[in-house]
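Protein chains in written order, with full-length UniProt numbering: chain A, 1 to 156; chain B, 1 to 156; chain C, 1 to 156. Some notes on the structure that comes next.
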């Protein structure tokens, strides 16, 4: 692991990335769809099977999808919390950052009670736009979906 | 997000805050009530419904409450672990820090087996006293309590 | 807590440690046993009751154990994710680092569905070898094992 990038020391990048995710995910989980959309680049893509099996492309489409999901959850009285851990940050060429994290998705329903809804891995490509970190690509995989075909090695 | 405060670089503050919480929460979960009390300011307040519906005010009262809870858990053979993630740290005026984090509270009972007990959000105001971080205000909310009135938007 | 070590600022050490664990644990959970073995020192020891009740000593033995576990999990169609939080990092003498963290172990089985398998505490001694962090000692304790004798205080 290189501890310095062309731009800045690794510890600064790492702290900045953790702070970025804290704000990004809190906004997402609390239904602030328009604010979340701005944390993606204009040309961002996101795929998250099985719910989002085909990539959503472009900030406008992401915003619409985030708004729809937020409204559905509010109507249903459901809250999700995405708890990221084990976040690895690897600087790439052109000042990209490859971020790979575990995500425990916790669901609280209108009946009360919180439980682990899904265990996921979130792989993002971050870039800088006017100094601010933005997500250009996101691929989310669920461990229980990998299990459909136990013979394959999805992470090989 | 500003990456520098009047005092020090953001990455230093961020690392210091993460370390503070690791030590603070481990002490709390392991029943070291007197040590935990010292991580609050003399005039600190804490509210955490439904168990602590009315704010507890002052370090002496906090210490007594922490001691009582620790003794009750030891007698019952119960251990709680508070797992903080998605920690956002925002410097405020007068060198305060506003910290907002997700908390998965995991309970292990005398019957064996660990399970998710509650999904919370912890909102703290940290200040510095003689160089050390201290908690001046803590507000904890539980997602399953928010669900009692699904029509309201507690995080709006 | 000292914010500076003889070597470098605390924030740099802290970011480096978080990155080390992210890569180390992802490799372990995804069955890359040989890669994981290299994150331990040649003379490392690991104990993790009840599964590993007697310490495993030496990198070669660790590698063999990691390979066996990875193969068994692949054959069974099981994935574990170790989610570390509340990571405290304390510099010791001789540039050692004492790292203590909570670990939620999440299991996803071939039947689908992910659940909390165990709540653990992981206590490591890290050292530097040719600039890279390595684990020299690991002690993992499970909260549900501590419960066997509720009268004792395992965390004194």
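Here a beta-carbon is modelled for each residue, glycine too, at the ideal position from N, C-alpha and C. The structure presented is a predicted model; accordingly, all values stated were derived computationally and were not measured.
Query	Result
Any chance you could list the beta strand (DSSP E) runs of at least 3 consecutive residues sitting entirely within the UniProt domain "SnoaL-like" (14–138) of chain A, in chain order?	40–48, 52–57, 79–91, 97–108, 114–129
Are there three or more Cβ pairs, one per stretch, closer than 8 Å when the segment 7–18 of chain C is compared with the segment 134–142 of chain B?	no
Determine the chain C residues that contact residue 146(A) at a beta-carbon separation under 8 Å, and present them in chain order.	79, 108
Output the distance between the C-alpha atoms of residue 105(C) and residue 119(C), rounded to the nearest integer angstrom.	6 Å
Taking Cβ-Cβ distances shorter than 8 Å, what residues in chain B pair up with residue 11(C)?	9, 11, 12, 14, 15, 16
Considering residue 145(A), what are the terminal residues of the alpha helix (DSSP H) in which it resides?	143–146
Determine the closest residue to residue 95(C) out of 27(C), 44(C), 133(C), with distance taken between C-alpha atoms.	133(C)
Is it the case that the segment 64–73 of chain B contacts the segment 20–38 of chain B, given that we only count it when at least three CB pairs across the two stretches are under 8 Å?	yes
Can you list, in chain order, the residues of its chain whose CB lies under 6 Å from that of residue 78(B), leaving out five sequence neighbours each side?	109
Would you call the CB atoms of residue 40(A) and residue 57(A) closer than 8 Å?	no
Taking all protein chains shown into account, do 16 or more other C-beta atoms lie within 10 angstroms of the C-beta of residue 115(B), making it buried, or fewer, making it exposed?	exposed
By Cβ distance below 8 Å, which residues in the same chain neighbour residue 145(C) in space, the five residues on each side in sequence not counted?	49, 50
Residue 118(B) touches chain A at which residues, Cβ-Cβ below 7 Å?	114
Of the choices 121(C), 128(C), 129(C), 130(C), whose alpha-carbon is the least far from that of residue 47(C)?	121(C)
For residue 143(B), count neighbouring Cβ atoms within 10 angstroms of its own Cβ and tell me buried if that reaches 16, exposed if not.	buried
Would you report the Cα separation of residue 238(A) and residue 92(A), rounded to the nearest angstrom?	In the structure as shown, chain A starts at 1 and stops at 156, and residue 238(A) therefore has no counterpart that could be examined.
Of the choices 24(C), 101(C), 35(C), 21(C), whose alpha-carbon is the least far from that of residue 172(C)?	Summary: the structure shown does not reach residue 172(C), with chain C confined to residues 1 through 156, and so no result is reported for it.
Kindly indicate if chain A contains any beta-carbon less than 8 Å away from that of residue 19(C).	yes
How big is the Cα-Cα spacing for residue 44(C) and residue 14(B)?	31 Å
Are the Cβ atoms of residue 88(A) and residue 107(A) separated by less than 8 Å?	no
Excluding the five sequence neighbours on either side, which residues of its own chain have a C-beta within less than 6 Å of the C-beta of residue 124(B), listed in chain order?	99, 135, 138
Quick one: measure Cβ to Cβ for residue 117(A) and residue 86(B), integer angstroms, because I've assumed they're closer than 8 Å.	In fact, because the Cβ distance is near 16 Å, the residues do not count as touching under 8 Å.
In whole angstroms, what separates the C-alpha of residue 21(A) from that of residue 52(A)?	21 Å
Are residue 81(A) and residue 80(B) close, meaning C-beta to C-beta below 8 Å?	no
Taking Cβ-Cβ distances shorter than 7 Å, what residues in chain B pair up with residue 85(C)?	83, 84, 85
Checking contacts by CB at 8 Å: is residue 26(B) closer than that to chain A?	no
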